[in-house]
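Comments concern the structure below.
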Amino acid sequence: MAENTAAGTAERTHDVRLEVNGVTHEVTVPARRLLSDALRHECGLTGTHVGCEHGVCGACTVLVDGRPVRSCLMFAVTAQGSEITTVEGLAEPDGSLNPVQQAFRECHGLQCGFCTPGFLTTVTAGIKENPCPTHEEAREMVAGNLCRCTGYQNIVKAVERAAEIARGDTPSAPAPDGDDGGLEAATGETEVARDDDASTTGLGA
Amino acid sequence: MTTKLMGEAVQRVEDDRLVRGGGQYVDDIDLDALHIAVLRSPHAHARIISIDVDPVLDIEGVHAVWTYDDLEGAMAEPLPLLIPHPTLTHGRTQYALARDEVNYVGEAIAMVVADDRYLAEDAVAQIAVEYELLPAVVGVEAARAAENLVHDDVPGNIAARSEQSNGDAEAAIKAAPHTLSLDLDIERSACMPMEGRGVTARWDTANGRLQVWTSTQTSTGVRAAVAAKLGLDLLQVDVITPDVGGGFGVKINHPWPEELLVSLAAQRLGRPVKFTEDRREHFISSAHERAQLHHVDVGFDDEGRLLGLDVRFWHDHGAYTPYGLIVPINASTQLVGPYKTGPYRVTFDSLYTNTVIVTPYRGAGRPQGCFVMERTMDAIAAYLGKDRADVREVNLIQPDEFPYDHGLVFQDGRETIYDSGDFPTMLQKIKALVGWDDFESYRAEMAAQGRRVGIGLAAYVEGTGAGPYEGAHVNIESSGKVKVATGLTSQGQGHQTAFAQIVADELGVPFEDVEITTGDTRRMAYAVGTFASRAAVMSGSAIHLAAKKAKEKALRIASDALEADPEDLQIVDGVVSVKGSPGTSINLGTVAVLSNPLRYAFDEASKAATQFSVGDATKPPVAEGDEPGLEGKDFYSPTRSTFASGMHAVIVETDPDTAEITILKYAVVHDCGTVINPMIVEGQIHGGVAQGIGGALYEKMAYDESGQLLNASFMDFLMPYVTEVPDAIDVDHLETPSPLNPLGIKGAGEAGVIPGSAAIAAAIEDAEGLPITAMPISPSELFELRAQHAVAATTPEEN
Amino acid sequence: MKPTAFDYARPETLEEAVQALGSHPDAKVLAGGQSLVPLMSMRLAAPALIVDINHLPGLDHVTADASGVRIGALARHADVLASADVRRVQPLVSLALANVAHPTIRNRGTTVGSIVHADAAAEMPMVLQLLGGSVDVVGSGGRRTITADELYVAPLESSLAHDEVAVEAFFPALPAGSGVAFEEISRRHGDYAMCGVAAVVAVEDGRVTSARAGYLSVSDVPTVVDLTDALGGSVDEAALARAAEAALAQLEPETDIHATAAYRAHLAKVLTARVLTAAHDHAREE
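Protein chains in written order, with my numbering: chain X, 1 to 205; chain B, 1001 to 1799; chain C, 2001 to 2286.
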């Protein structure tokens, strides 16, 4: 990493080598450039979204050496030497969607799509670490990411479905509708298995 | 036969792109654009004595710094008051950059254009402003007291005083055997989409054209406003709404100062310029909603039947009124819900405060109205010792009473006439879904374990699909592909999918061949916007009508080509054929070729449309009254709104020790007319319910007395994570199609949020046995309520 | 919300780091950055020099032996939480860490960084204090050990000298016959707590011989209270009530937008009883 002092500006810049999705990006940035901004502006990878810039919402989550990390809470300069994976790097080598991407699509786990990249990176790492999450673990896996659209119901379904797809368990897509868990289920006493063939309720549009 | 897609849970066409990170949100456009940052008022109320921008002028990387003095013509006038109303006698709007006074923390004062946002923020920090501080008016009580004024020329801080009635409520209440009075409060929250506001503009110097990408709920509205403010002809301006990271209402207000400033900067500097709002800015310079204080007087009989209802409320409108009175009008008219209220009078004052402006947030006044009505129902039941569901039941409008006229004027200036619904069935369904009749045994079971639970219920009716109109343009290309444009915008509702379902069904083409464009004024210049749960009703209907026109034309041309009567033709999978004679057919793409008589062929298919190939040599190639191309364009403009409805029920547990509040069960019964895509509708309900829970238990804007917002971050403004939302939201449905539009649609976008606070307050009240009159409620507030109640219970009553 | 400009040093040795810190009065160490970077983005902190220690060798260790748990300055919360040895030797460290923000924050945030950030609302400063742990720091004067008692001098202020880098935290092992417990109540899962309490209880022959509780978010510095006398040897209802009152006498709960002082005080009492009971149960299992 080299330091530069560009003529005419007071602010020193640094040449940083970012390894993103297997591609090396040589970028020149001031030390204060947030990793989220460097990915978006210097690397042109706009799939990483900035929702709060104080580390609470999770939209900017990327994988740093395989672990989910808030890219808005890291400076690009400090990321040199790490392998970074953004949402653009999640698809399979043949271009098909990875199990998490597939599952979010199948389960209607996204609406506006702005928070989605942070969920996808988080869950991709999550089911790698825990390929058979319980329902409670599936909820915990996404408990640090905010979504304002979905109410999380279908996101949790998508986590469970993604784990299934990754394990090669069931080929069929679940209906997007939930079960009709009774009072027992709602009190948190049971509710581990989900009904995959629950019929679709025909709601108004 | 092609399967009908209407009512099917078709997977979204939007998603492949979005899950790959391929979305194009406004900040993703023109990555090399110059950035603006805005100097915002640190004070809630102050006069600007002087602004010194000198320190900024020479900063490397800074391209411009503007204050009010740099604005000219219409730009130097106040922002538009979008929705005037006869009772909004003292409407006020801010300037794009404050002229001489600021009225909330966050109001725009100066703007810097720089190479990037970092430099722009550095520069903003160098601008020196001298203020003369003025007393801040914060909260409804202070506004009512009017010891200080927000605007010198608005007496009493009253922007509007509005009254409606459908009978002599006062007399009816006086004559009633029982009466009750209640005071009910709701605090401020906000839409809080994950993507804030943002705008990017490019000025084409050679052609004198402006292109604006903005994260809005109305691209045509922004276009008109930008053109007017910059003194451009409408046809010089394109406004394009790219992917939008959520709206929930806040992005319907327009033009935001930055939409104008960025456009003007792009024009003046001849370079692309953008504004990307950060989260703190979103808290202090976008919009909030919900805060209202209410006083209710109600008269009723022994059965709990309403005999008269008189509601007064005070609406906190923030510092300005750019979006008119939509929120309090909704609250005042939608309050009546599914009930026959007897004579009803509602009066509200819309009050200025030195806080962020108030414009619609999902529900837009309806959650407040619902809270007031449903808390009143519960109070009546408690007074009479009756089951809360039974009291509601005796008041419901019956299925044979539609259309039901409330005798009130709705927010669109039209009559509040309910089009359809079946409220008694809905009540039975929600009781069954939540286990209403079995609850007492559950309560006893839980009590035996030392656990405290309660159940609550709330009903609403939501006017949806307000006018004035939406339009659609359907264009069948010679490839057979169908390109459709409608002008309103999308913020995640899956319009590309749902509208394509409508087109595929109407035209008889494969779903995959339909492509929907929304919110692009280059494709559809006449449109209103996405609000009031109106997209499916308005654009859905317009698209249906436009597709029908295209189909009629296709059949007419095909009938010539196939020498068959149009009546005998059908379109299946993009092929027009004679019913019962499938061999006699023509591709829709070929029909499109034939629809456009050509002089020049450009490929094999187009040879069929050249002048030596088609047409009767004795007639004009394009018949009189006809036009080339296989297109359909139509508009849908209803006389009045449709009315969707629903009921929610919730079971909560309150911790006897810590006062923590947990939702154990949440049940929804919902009627929004005909279904387009149940998967999408259910997603809308889930999201609305989560926002309702947020509004009931977690989210509020915490202003201090000086008008500083104390929780302007996601650390302290507590939007629910998955851990704050119940594990399951049980949904059941009813479908009473609207008679007002061709598809019977009513709209579903906002519904989920409306009864949240009402139902949850009822459940907490039921668990705790003490009245819940203000929402949201936190564990700390419940703890304090318990303490007050305990004191009150041991203190002799003084009357 | 972008940080102000700063100079950036990326030392490769501890000596270089100390030197860099000493070179500027307004220098700040960057490790996990999960507290520092948001403050900088909000422009509530604007250090002139950032000394990025993330690339120093040999500081990411998490070890546990009979004496206790040692955590290097670059060990991430997630690494510490994942350690079965830590959980065995001093379970309170693991119990508390599970309450630190969310997993994604724990992947980057460091335990030592959290300790020296000295936030009275954070879990690890209080736990260090309760367990009587210490922090090793290296500065121009060499290496020294600062006990938790000496570490927390004022709200958000530790006793580290300006040019000192915290390199390791030490949490003593849980002695035989002792038990621990931790509980906190926050508005949302993962938020800073409105009140959090941890306890260490020692039991001998069925009698409580020592009981101490640590409190977060109820005073402006991490606070530990000895409740041995208040309990008087047992954890029955009356003893717990006495202990809760005794604890409260030494706390100064304040009102903020999430909780009134009275509610915080009430939570402190409720949680004191709960964690003393749980720690007592734990001690008897040990």
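For every residue, glycine included, the Cβ atom is placed at its ideal position computed from N, Cα and C. Because the structure is a prediction, the values reported are computed rather than measured.
Cβ-Cβ separation, residue j to residue i (assumed contact under 8 Å), whole Å
i, j, result
"X:Leu-39", "X:Thr-116", "About 16 Å separates the two Cβ atoms, so there is no contact after all."
"C:Glu-2184", "C:Asn-2099", "6 Å"
"C:Thr-2145", "C:Asp-2136", "5 Å"
"B:Thr-1200", "B:Val-1026", "6 Å"
"B:Ile-1676", "B:Ile-1745", "7 Å"
"C:Val-2224", "C:Gln-2129", "5 Å"
"X:Thr-61", "X:Thr-121", "5 Å"
"B:Met-1524", "B:Leu-1260", "Their Cβ separation, rounded to whole angstroms, is 23 Å, which puts B:Met-1524 and B:Leu-1260 out of contact at 8 Å."
"B:His-1085", "B:Leu-1325", "5 Å"
"B:Val-1105", "B:His-1043", "6 Å"
Start and end residues, alpha helix (DSSP H) containing residue i
i, result
"C:Asn-2099", "Where C:Asn-2099 is concerned, there is no enclosing alpha helix (DSSP H), given that its DSSP letter is neither H nor E."
"B:Ile-1029", "From DSSP, B:Ile-1029 is part of no alpha helix (DSSP H); its letter is neither H nor E."
"B:Met-1446", "1439-1448"
"B:Gln-1398", "B:Gln-1398 -> no alpha helix (DSSP H), and no H or E assigned at all."
"B:Phe-1717", "Looking at the DSSP string, B:Phe-1717 is not in any alpha helix (DSSP H), and its letter there is neither H nor E."
"B:Val-1591", "1588-1594"
Endpoints, the beta strand (DSSP E) within which residue i is located
i, result
"B:Met-1814", "As displayed, chain B neither begins before 1001 nor continues past 1799, which places residue 1814 of chain B out of reach and without an answer."
"B:Val-1062", "1062-1066"
"C:Leu-2216", "2207-2216"
"B:Leu-942", "With chain B covering only 1001 through 1799, there is no way to say anything about residue 942 of chain B."
"C:Asp-2065", "2062-2065"
"B:Lys-1481", "Segment: none, B:Lys-1481 is in no beta strand (DSSP E) and carries neither H nor E."
"C:Cys-2195", "2193-2204"
"B:Glu-1801", "Not covered by the structure: residue 1801 of chain B. The range shown for chain B is 1001 to 1799."
"C:Phe-2170", "2165-2172"
Item to check | Contact set between the region 1756-1786 of chain B and chain D, restricted to residues whose Cβ is under 8 Å from the partner | outcome: Checking the listed chains, one finds no chain D in this structure; the protein chains it contains are X, B and C.
Checklist entry - Can you list, in chain order, the residues of the region 2168-2197 of chain C whose Cβ is nearer than 8 Å to any Cβ on chain X? => result His-2189, Gly-2190
Item to check | Validate contact between the region 1110-1118 of chain B and the region 1035-1043 of chain B using beta carbons, cut 8 Å, 3 pairs | outcome: Enough Cβ pairs lie closer than 8 Å, so yes.
Checklist entry - Taking a cut of 9 Å between CB atoms, which residues from the region 2034-2048 of chain C lie near chain B? => result Pro-2038, Ser-2041, Met-2042, Arg-2043
Checklist entry - Of all the residues that make up the region 1274-1306 of chain B, which are near chain X by a beta-carbon distance shorter than 7 Å? => result If the cut-off is 7 Å between Cβ atoms, the region 1274-1306 of chain B has Asp-1278, Arg-1279 near chain X.
Checklist entry - Can you list the beta strand (DSSP E) stretches of 3 or more residues lying completely in the region 2090-2163 of chain C, in chain order? => result 2134-2139, 2142-2147, 2152-2154
Next on the checklist: If we require 3 or more residues per run, which beta strand (DSSP E) segments fall completely within the region 1636-1709 of chain B?
Outcome noted: Counting only runs of 3+ residues, the beta strand (DSSP E) found wholly inside the region 1636-1709 of chain B occupies 1642-1654, 1661-1671, in chain order.
Next on the checklist: Any C-beta of chain C within less than 7 Å: which residues of the region 1700-1717 of chain B qualify?
Outcome noted: Ala-1702, Leu-1710, Asn-1711, Asp-1716
Item to check | Against chain C: residues of the region 1112-1125 of chain B by CB proximity under 8 Å | outcome: Arg-1117, Tyr-1118, Glu-1121, Asp-1122, Ala-1125
Checklist entry - Of all the beta strand (DSSP E) runs that stay within the bounds of the region 1494-1555 of chain B, which reach a length of 3 or more residues? => result 1514-1518
Checklist entry - Is it a yes or a no for the region 2208-2220 of chain C touching the region 2245-2265 of chain C, going by three-plus beta-carbon pairs under 8 Å? => result With a cut-off of 8 Å, the region 2245-2265 of chain C and the region 2208-2220 of chain C count as touching, because enough Cβ pairs lie within range.
Checklist entry - Of the residues that make up the region 1528-1551 of chain B, which ones have a beta carbon closer than 9 Å to any beta carbon in chain X? => result Ala-1536, Val-1537, Gly-1540
Checklist entry - What are the complete alpha helix (DSSP H) segments, minimum 4 residues, inside the region 2006-2054 of chain C? => result 2014-2022, 2036-2041
Item to check | Any 3 or more C-beta pairs closer than 8 Å across the region 1687-1701 of chain B and the region 1743-1758 of chain B | outcome: yes
Checklist entry - Which residues, taken in chain order from the region 1647-1677 of chain B, show a beta carbon closer than 8 Å to some beta carbon of chain C? => result Cβ contacts with chain C come from Asp-1657, Thr-1658, Ala-1659, Glu-1660.
Checklist entry - In the region 1724-1755 of chain B, which residues sit with their C-beta less than 9 Å from some C-beta in chain C, listed in chain order? => result If the cut-off is 9 Å between Cβ atoms, the region 1724-1755 of chain B has Glu-1724 near chain C.
Item to check | Residues within the region 72-99 of chain X neighbouring chain B, beta-carbon criterion of under 7 Å | outcome: Thr-86, Val-87, Glu-88, Ala-91, Leu-97
Checklist entry - Residues in the region 1184-1204 of chain B with C-beta within 9 Å of chain X's C-beta atoms, listed in sequence order? => result Cys-1191, Met-1192, Pro-1193, Met-1194, Glu-1195, Gly-1196
Checklist entry - In chain order, which alpha helix (DSSP H) runs of at least 4 residues are fully inside the region 43-113 of chain X? => result 99-106
Checklist entry - Counting pairs of beta carbons, one from the region 1777-1789 of chain B and one from the region 1365-1383 of chain B, are three or more of them closer than 8 Å? => result These segments do not touch.
Checklist entry - Given 8 Å as the limit, is there contact between the region 2003-2013 of chain C and the region 17-26 of chain X, that is, 3 or more CB pairs closer than that? => result The region 2003-2013 of chain C and the region 17-26 of chain X do not touch, with fewer than 3 CB-CB distances between them shorter than 8 Å.
Checklist entry - Taking any Cβ of chain C, which residues in the region 112-124 of chain X have a Cβ under 9 Å from it, in chain order? => result Gly-118, Thr-122
Next on the checklist: Please identify, using Cβ separations under 9 Å, the residues of the region 2078-2102 of chain C that lie next to chain X, in order along the chain.
Outcome noted: Ala-2078, Ala-2101, His-2102
Checklist entry - Are three or more beta carbon pairs between the region 1240-1255 of chain B and the region 1204-1222 of chain B nearer than 8 Å? => result Counting Cβ pairs under 8 Å, three or more are found: they touch.
Next on the checklist: I'd like to know if the region 1698-1715 of chain B and the region 1599-1615 of chain B are in contact, where contact means that at least 3 CB-CB pairs between them fall below 8 Å.
Outcome noted: no
Checklist entry - Can you list, in chain order, the stretches of the beta strand (DSSP E) that have 3 or more residues and sit fully within the region 1294-1327 of chain B? => result 1306-1316
Next on the checklist: Please give the ranges of any alpha helix (DSSP H) in the region 1709-1789 of chain B, keeping only runs that are unbroken, at least 4 residues long and fully inside the region.
Outcome noted: 1756-1768
Item to check | Inter-stretch contact (C-beta, 8 Å, three-pair minimum) for the region 1150-1158 of chain B and the region 1082-1101 of chain B | outcome: yes
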